[in-house]
Amino acid sequence: MFDDIDLLTMLQLVARVVADSLGNFLPVSPTSATADQPQG
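In C-alpha cells, the structure reads:
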C-alpha cells in the first residue's frame with residue numbers, strides 16, 4: 004500500500020507520532036533539564 008515509503012521514513016514518522024502523543028505523559032530526564040542552566 005505504501006510502496007514509496009521506506010522503513011527508515013516509516014520509523015521516523017512513528018517516532019514523531021509517539022513522541023508527540025506521549026510527550027506530556029512521559030517524565031523528562033533530569034539531565035536534560037539541568038544541562039542548559041549555568042552552574043554556580
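The opening position of the sequence shown corresponds to residue 4 in my numbering, with each subsequent residue numbered one higher.
Yeah, the Cβ is synthetic: ideal placement off N, Cα and C, and Gly gets one too.
Quick caveat: nothing in here was measured; it's all calculated off a predicted structure.
Here Asp23 carries a helix assignment [DSSP, helix/strand/coil].
Per the coordinates, the alpha-carbon of Leu10 lies some 22 Å from the alpha-carbon of Leu25. Straight-line spacing of the CA atoms in Asn27 and Asp7 works out to 32 Å.
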